[in-house]
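Notes follow once the structure below has been shown.
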Amino acid sequence: MNFTVSKTNIVFQGKVFDVKIDEIEYNGSGNKSFRQVALHPGGAVVLPLKSDGKIILVSQYRYPHNEVLLELPAGKLEKGEDPLNCATRELTEETGYTSDKISKLGKIYTTPGFCDEVLHIYLAEDLTAGDHAREEGEEGMEIVELTLNEVEAKIRSGEIVDAKTICGITYYKLMER
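Going letter by letter, the sequence shown gives residues 92 to 268 in this note's numbering.
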């Protein structure tokens, strides 16, 4: 780093994220600048893989884009929550499935230019069907089961545009099987 942070202010505190503004000073020149950062607790993403090879996705309305997106199940971490616990919770909440075989595929920084959000991506296998426990606002969510080839086709065609889903599928394809 070629700068030091001289002042930090939290300028917004919200339900999903906070915003801070750091005043920085460059070491060589002494020039001052500002950095705005969205502070997000992070989340967990889960790729549920059925024994027949189908991947379970959810179709849900996303307010910022005013459209329905096809995505892997995911959710926000509670303060201090282990990402594995979050992945397990979101799997059941959104799909009704449970799994005793969940393994980490990797992590991603969603928008490192202005946000500190980290998403932890997991693979869930040996699924057991059950009842979902969706939160308010998730009532219209639908489960969609697709083969890996079908998911890849939807990514290529632009039907799947969700970054965490594309990354989760990529991690899954790259793992040694």
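The C-beta atom is built at its ideal place from N, Cα and C for all residues, glycine as well.
In the three-state reduction of the DSSP assignment, N118 falls in the coil class.
The beta carbons of S150 and V252 sit no closer together than 7 Å. Close CB contacts of G144 within its chain, under the 8 Å cut and outside five residues either way in sequence, are with T238 and L239 (chain order).
With distances taken between CA atoms, Y200 lies nearest to H211 out of E114, I193, P139 and H211.
Annotation for G259: the continuous alpha helix (DSSP H) segment containing it runs A254 to L265.
According to the DSSP secondary-structure assignment, I101 is paired through a beta bridge with K111.
In the three-state DSSP reduction, E169 falls in the coil class, being neither helix nor strand.
Note that the C-beta distance between H131 and T186 is not below 7 Å. Relative to the Cα of F108, the nearest Cα in the group K264, S194 and V209 belongs to V209. In the three-state reduction of the DSSP assignment, E250 falls in the coil class. With distances taken between CA atoms, E162 lies nearest to V242 out of V242, M266, K264 and Y263. The way I'd put it, the region 162-178 does touch the region 131-140; three or more beta-carbon pairs between them come closer than 8 Å. The alpha-carbon separation between D113 and Q127 amounts to approximately 6 Å.
According to the DSSP secondary-structure assignment, L160 is paired through a beta bridge with Q151. Within 10 angstroms of the beta-carbon of G259 lie 16 or more other beta-carbons, which makes it buried.
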